[in-house]
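Numbering-wise, the sequence shown is residues 1300 to 1678 according to the numbering used here.
C-beta: ideal position from N, C-alpha, C; glycine also.
Values in this document were obtained by computation on a predicted structure and should not be read as measured data.
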Amino acid sequence: MTDGTNPPSHPQPEPAPGSGGYGFPPGPPAQDDYGYPTPSGGYGYPQTGQQPNPYQQEAGGGQWPPSQPGFTRLAGPDLPGASQQPDWEAMADRSAAERRKKRLWMLGGAVTVLALLAGGGTFFLLGGDEDGQDAQPSNAASASPEPEDAKGPAAYTATVAGDDTLLRDSYGGMGIRLGPDLKVGPLGKRFQVVGKGNGNSWGQSAEPVVDVTKSFTVTARAYNSAAKGSRIIMSQGDGESFSFELGVNEVNGKQAWIFRVQTGDKGAAATTRTVTAEGLQMVKTPTLLMATYDAEKKAIALYVDGKKAGETPVPPIWQAPGPLQLGRSKHHNIWTGPWQGALHNIKTYDMAFTAEQAAAYKEGKLEPSPKPTHAWLLT
C-alpha cells in the first residue's frame, strides 16, 4: 500500500537492439512474506517466471533485422549481384502503419476498468496489455489488503497485567485473588484454575459479587478429581456461614452435585435448603453446573449440563457478610470443601435462567444472550 504519491522516476536510455529491456528479465523474487510475491504469485503481484521481452532478439540468433516485407534486393541491370539492402522508405511506411494500428487496438480493443476499493480510497486499473493478458495493478495503490497488526487481536489474559495471582474480571471490575494452591493453568488456548484439594486451594474476591436478595444465576465448568468428600466450586460469605454454595457433597453415601442456600444467620442445618443431582458420573468428567435463585418465585434450581436436576422453594436467602469464594465455603466459622480439580468459564448473572435458557446456554445457542455481571477464565 503506497502513501498515495508516485514513486520517484529514474529515466533510462532506450535499450539497444538485442539487449535486455527495462528490468527484463526480472531478478529473483523476494522472500515469501506478507506483501511480497510467493512462488505462485500473490494477490496484486505478478506471477513468477520470465516475462516476454519486447527487445529480445529472436531465438536462433537470426540476423537483425530479420527478412520481412519492406526489405528488397536492390539488383538490376546496373547492379548485378547486389547484396540485400533495406528499403528505408518502405520500412518507414510500415512502422507508421504499425503505430496507427496499435493506437486503434489500444483504444478500441482494450477494456479498462477503474475499480474503487470501498472505504480505503485506493484504486487499481485492470486492462489488456500488449500480449492480451490482464495488466497488473498500477503502482499508485496496491491491491493487497492492509496488513493486520503483527500481534493480531489482543490475546486473552486470565489474570490482571503484572499480577498472575489475581484473576481478571472480563465484565466487571472484581478480581479474584488466588491462594497458593489454586493455580492458573492452560486449557487449549485459554486458561483454567486447578486446585489441589487442600486448605490453600481457594480464591477470594475483595467484596461480595452476588446480591442474594434479588434473582441471580451462577455457573461454572468443573472437572472434579476427588472421589470422595465435599468439594465446593464457589460460595459467598465468610462470617459464621455461607449465603449459597455450589459444588460436590456426599448424599446417601455417594457424591452428588449440590446447590445449597442458607436462610438463617446462624448457619443451622434446619435453615438450609438444598437441590441435588444424584446418580451422575462425578469424577474426572467435565461438567457444566448452573444454579439459579428466582426472587419472585422464591425458589432455587440446579442444572447439570443444561438439564434441570431439581428445584425447591426457599424463604429469603440470608445475606452473609463477605465476598465470593472459589474452592471453599464457610460452615460454622470453619472453611470446608477445598476444591480438587479444575474450574473455568465462571460467570454470574443478575437474573434467574429458565430451563429453556439453561439448555440453550449449554448448546451455545442462547438468544438473546444475557450479559454477565462478572466473568472469569472465559473460553
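Under the DSSP assignment, GLU1662 falls in the alpha helix (DSSP H) whose first and last residues are 1654 to 1662.
The three-state secondary structure of ALA1519, taken from DSSP, is strand.
Here THR1678 carries a coil assignment [DSSP, helix/strand/coil]. Taking a contact to require three or more Cβ pairs closer than 8 angstroms, the stretch 1596 to 1611 and the stretch 1475 to 1494 do not qualify as touching. In the three-state reduction of the DSSP assignment, ALA1569 falls in the helix class. Scanning MET1473, VAL1517, MET1650 for the CA closest to the CA of ASP1593 turns up MET1650. The closest CA to that of TYR1602, considering only GLY1502, MET1589, ALA1641, LYS1482, is found on MET1589. In the structure shown, PRO1620 falls within a coil segment according to DSSP collapsed to helix, strand and coil.
Residues of the same chain with a CB within less than 8 angstroms of the CB of GLY1621, apart from the 5 flanking positions on each side, are PRO1507, GLN1535, GLY1536, ASP1537, GLY1538, LYS1629 in chain order.
In the same chain as SER1668, and ignoring 5 residues on each side of it, no C-beta atom comes closer than 7 angstroms to its own. For THR1672, the closest of LEU1465, GLY1484, ASP1564, VAL1517 by C-alpha to C-alpha distance is VAL1517. Our two residues, ASP1462 and ASN1551, have alpha carbons roughly 43 angstroms apart in a direct line.
Of the candidates THR1653, GLY1663, LEU1642, LEU1677, LEU1642 places its Cα closest to the Cα of SER1524.
Excluding five sequence positions before and after GLY1471, the CB atoms of its chain that fall closer than 7 angstroms to its own CB belong to THR1672, HIS1673, given in chain order. Within a 10 Å sphere around the beta-carbon of THR1512 sit fewer than 16 other beta-carbons, which makes this residue exposed. Relative to LEU1481, the option among ASN1548, ILE1616, VAL1492, GLY1487 whose CA is nearest is VAL1492. Of the candidates ILE1616, THR1635, GLN1618, ALA1619, the residue whose Cα lies closest to the Cα of LEU1625 is THR1635.
In its chain, beyond the 5 residues on either side, ALA1519, ARG1520, LEU1676, LEU1677, THR1678 have a beta carbon closer than 7 angstroms to the beta carbon of ASN1644.
ALA1505 and MET1473 have their C-alpha atoms spaced approximately 7 angstroms apart.
Buried is the label assigned to ARG1467, since at least 16 other Cβ atoms lie within 10 Å of its Cβ. MET1533 and GLY1494 have their C-alpha atoms roughly 12 angstroms apart. Looking from the CA of PHE1558, the closest CA among GLY1566, SER1542, GLY1487, THR1573 belongs to THR1573. Nearest in C-alpha terms to HIS1631, of all of LYS1553, THR1571, PRO1585, is THR1571. GLY1578 is classed as exposed because its beta carbon has fewer than 16 other beta carbons within 10 Å across all chains shown. In the displayed model, HIS1673 falls within a strand according to three-state DSSP.
Under DSSP, TRP1556 forms a beta bridge with VAL1547, ALA1576.
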